[in-house]
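Asks:
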Amino acid sequence: MKTYINVFKTVMRIAPGRRLQVFQLILSYTISNIIKLLPPLATAGIISVVTRASNFNAIWFYVILFILFTILYYSVNSWSYYLETGLVRYYYSTTQHLLFNHIAKNPLILESISKGRITDTFTEDVSYMYSTVRSGVYALTSFFQLFLIFLIFSANNIFLGLLALVVDAIYIYLMNQNSKAAAVRFDGIRKSQDKNWDLLFQILNNLKQITSLSLMPSLTSKIVSNNEVFDIQNSKRYKILSTRYCKIPLITQIGKISIYVFLGYLVFNNQLTIDKLVLLVGYYEMVIRNTDSVLEELLNLSNYSIRIKRIDNILKFKSDNQIDYGDLDNDYIDGEVVFDHVTFKLKNKKILDNISFRARPNEITTIVGRPGSGKTTIINLLYRLYAVNSGKILIDNESIYRYSKKVYASNISGVFQNPFVFSASIRENLNIINPNIKEQTKALKRARIYQKITSLKNQFNTKIDLESKVLSDGDLQKLAIARALLTNAEILIFDEVTSHADPETIKDIVEILEDLKQDHTIIIVTHRPEMMKIADQVIVLKEGKIISKGKNKDVLSKSALYRTLRTATFVENSDDEKEFEKSDRSSDIIPLDSISNSMIK
862 MKTYINVFKT
872 VMRIAPGRRL
882 QVFQLILSYT
892 ISNIIKLLPP
902 LATAGIISVV
912 TRASNFNAIW
922 FYVILFILFT
932 ILYYSVNSWS
942 YYLETGLVRY
952 YYSTTQHLLF
962 NHIAKNPLIL
972 ESISKGRITD
982 TFTEDVSYMY
992 STVRSGVYAL
1002 TSFFQLFLIF
1012 LIFSANNIFL
1022 GLLALVVDAI
1032 YIYLMNQNSK
1042 AAAVRFDGIR
1052 KSQDKNWDLL
1062 FQILNNLKQI
1072 TSLSLMPSLT
1082 SKIVSNNEVF
1092 DIQNSKRYKI
1102 LSTRYCKIPL
1112 ITQIGKISIY
1122 VFLGYLVFNN
1132 QLTIDKLVLL
1142 VGYYEMVIRN
1152 TDSVLEELLN
1162 LSNYSIRIKR
1172 IDNILKFKSD
1182 NQIDYGDLDN
1192 DYIDGEVVFD
1202 HVTFKLKNKK
1212 ILDNISFRAR
1222 PNEITTIVGR
1232 PGSGKTTIIN
1242 LLYRLYAVNS
1252 GKILIDNESI
1262 YRYSKKVYAS
1272 NISGVFQNPF
1282 VFSASIRENL
1292 NIINPNIKEQ
1302 TKALKRARIY
1312 QKITSLKNQF
1322 NTKIDLESKV
1332 LSDGDLQKLA
1342 IARALLTNAE
1352 ILIFDEVTSH
1362 ADPETIKDIV
1372 EILEDLKQDH
1382 TIIIVTHRPE
1392 MMKIADQVIV
1402 LKEGKIISKG
1412 KNKDVLSKSA
1422 LYRTLRTATF
1432 VENSDDEKEF
1442 EKSDRSSDII
1452 PLDSISNSMI
1462 K
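Take any residue in the sequence shown, count from 1 to its spot, add 861: that is its number in my numbering.
1. In whole angstroms, what separates the C-alpha of F869 from that of G977?
2. What's the gap between the Cα of A876 and the Cα of H963?
3. Within its chain, find whatever has a CB closer than 7 Å to the CB of N1095; leave out the 5 residues flanking it on each side and keep chain order.
4. The beta strand (DSSP E) with T1366 in it runs from where to where?
5. Using the rule of at least 16 other Cβ atoms within 10 Å of the residue's Cβ for burial, across every protein chain shown, is I928 buried or exposed?
6. Please state the DSSP three-state secondary structure of D1336.
7. Let me check one thing: in DSSP terms, what residues is K1312 bridge-paired to?
8. Across which residues does DSSP place A1220 in a beta bridge pair?
9. Could you pull the DSSP bridge partners for D1356 from this structure?
10. Within 10 Å of its beta-carbon, does Q1301 have 16 or more other beta-carbons around it, so buried, or fewer, so exposed?
11. Below 7 Å CB to CB, which residues in the same chain sit around V872 once its five sequence neighbours on both sides are set aside?
12. Closest to N1319 by C-alpha separation, out of I1310, V1331, A1308, R1309, would be which residue?
13. Classify E1438 as helix, strand or coil using the three-state DSSP reduction.
14. By Cβ distance below 8 Å, which residues in the same chain neighbour L926 in space, the five residues on each side in sequence not counted?
15. List the whole-angstrom C-beta distance separating D1048 from I1135, where the pair is believed to meet the contact cut-off of C-beta under 8 Å.
16. With DSSP run on the structure shown, which of helix, strand or coil describes T1236?
17. Quick test of the definition: if touching needs 3 or more C-beta pairs under 8 Å, does the stretch 1190-1205 touch the stretch 1214-1226?
18. When DSSP labels each residue in this structure, what does E1300 get in the three-state scheme?
19. According to DSSP, is F1491 part of a helix, a strand, or is it coil?
20. Spell out a yes or no on whether the stretch 1220-1228 and the stretch 1180-1199 are touching, meaning 3 or more CB-CB pairs, one atom from each, closer than 8 Å.
21. Below 8 Å on the Cβ atoms is my guess for I1118 versus Y1032; work out the distance and round it to an integer in Å.
22. Does the count of Cβ pairs from the stretch 1019-1033 and the stretch 878-895 closer than 8 Å reach three?
23. Do I1385 and F1355 have their C-beta atoms within less than 8 Å of each other?
24. Are the CB atoms of N1295 and L1347 nearer to each other than 8 Å?
25. Where does V1276 land, buried or exposed, given buried means 16+ other C-beta within 10 angstroms?
26. Excluding the 5 residues preceding and the 5 following A1345 in the sequence, name in chain order all residues of the same chain whose CB lies nearer than 8 Å to its CB.
27. Is N867 buried or exposed, if buried means 16 or more other CB atoms sit within 10 Å of its CB?
28. Tell me whether G1275 sits in a helix, a strand or coil according to DSSP, three-state version.
Below you can see the structure in the form of structure tokens.
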């Protein structure tokens, strides 16, 4: 019983509003259950008139009572359905809104909770929030009705009341244990479904690669493996449910016969009248039906508890490295970014080691290094996804953790490797950031996408559909740059924005960035030599440490690793690169650079 109470409390904690309506629902269900006890009294009255050969006209009194009780019952039910309609809408929309906001505020949640589970919870589990409330209210008020019936039995014969109570108590206990066992298997079923959701997302996100590499047979075997787990859990659950519906109910049938025999004995010995016999038989049939209904709702509550726990676990998620915003509201930011002896560990593994550099306004600072060197972690720290373990990150000589959320979010914006767009019109995608048409036009022109949009048939009303490819990948990247400009951020971060771009798009983005640096601080993470060439300052990372930094030409002359990265793809080498190409070929070992990362330029 404690489990059911706790799950009900959890729902009330997640969505604390509408408690008055919940109380009204309890009241309406209670009244409804009390009214259910009245028609059998009218029925017994009719039988009393007939069996006692009294005035037949008296029967109409009980008929009228029966009709009034029925009308009253359905009137109260109408009230209940009215309340339920509002509560269903409230719990569904409120819980989805809470999940959406919490997930949006915790981008690291996918490190702990799978995408499949989050999706399943967001779309399906939330619909059971009200179902949990309804099942709890139904069970509570039905127990009250059962209590009243046992009082009626005891008032007629104490032994009869005790017998009915003992039979029902044993039945409820066994069925409750069965519900708990079934819930365990249901949890296993949900976990296997989550794995298939995750696999589906992986397939959809990488469909072209999967097809080209003929990976479907391997992925299909994984689905089959997950389904085998599902089948095992489902089979065990159905065995439990078979016991529930085919074996345990025998107890009520045995108890039912015992009670009816005892009632017959009382009638035979003139200790009970026929009308009371009919009344008590009707009430005991009601006991059986209501007990079955209550147990079904308790089984539902056991299943719902798994769903509610999933919702609650997501809402309770908080990264160990998550930090709160400060209260500094200074919005007059120049955009100077400083990493001062920053060290960062994740799961006891050192990712960044004593990192120091300065990214200045009106300059392009490019961060390079081999995969796993710590480039993305620097960007994640700037986005405040993690807190540093030691050292400081400053913007205009103020710790980034001191700024308010509004100020920080409005002064740092970025464009990522895979630009995110909504399946909506171009205008709607821009309006989400800034609805000012003049500013949109200015941003689109600077991002060199304005002419392409105006050349489309529906122009700004063109719906962006990733399947129809109205805009190319390069166009979408330029649109993402325009949206970043609409935030009016002083600091712009570009994380591998040209990794999948064609040469023409790369050329455009290079020119866009050279223009944007005139009034922004530009920080780039890239592996593209074309992007490295335009850097005013280069930061070279290796295994979480800065091994070289400074002006582009200086780093090129001192860092063999940087020269290797600059010539890593088939592009025409610059004069500077050709100067060092010969010396690099003469050595099989790349020497460590001697530039210290302890000095901030």
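Glycine included, every Cβ here is placed at the ideal spot set by N, Cα and C.
Replies: A quick look at the data gives this:
1. 26 Å
2. 14 Å
3. I1050
4. Segment 1364-1377 is the alpha helix (DSSP H) holding T1366; no beta strand (DSSP E) there.
5. exposed
6. Of the three classes helix, strand and coil, the one that applies to D1336 here is helix, per DSSP.
7. In the sequence as displayed, the identity of residue 1312 is Gln instead of Lys. According to DSSP, which records beta bridges pairwise, Q1312 is partnered with nothing at all.
8. V1198
9. V1386
10. buried
11. Same-chain partners within the cutoff: M990, T993, V994, I1169.
12. The option with the nearest alpha carbon to N1319 is V1331.
13. Residue confidence is low: E1438 scores 43 on pLDDT, short of 50, so the model does not pin down where it sits. Its coordinate-derived value is still stated next. DSSP places E1438 in helix when its eight states are reduced to three.
14. These residues qualify, in order along the chain: L899, L902, A903, G906.
15. So it is not a contact: roughly 51 Å between Cβ atoms.
16. Reading off the sequence shown, one finds Lys at residue 1236, where the question assumed Thr. Reduced to three states, the DSSP call for K1236 is helix.
17. Judged by pairs of C-beta atoms under 8 Å, the stretch 1190-1205 touches the stretch 1214-1226, as three or more such pairs exist.
18. helix
19. Nothing can be reported for residue 1491, as the shown portion of the chain is limited to 862 through 1462.
20. yes
21. Not really, about 14 Å apart at Cβ, beyond 8 Å.
22. no
23. yes
24. Taking C-beta atoms as the reference points, N1295 and L1347 count as a pair closer than 8 Å.
25. buried
26. Contacts found: S1274, G1275, V1276, L1353.
27. exposed
28. DSSP, read as helix, strand or coil, puts G1275 in strand.
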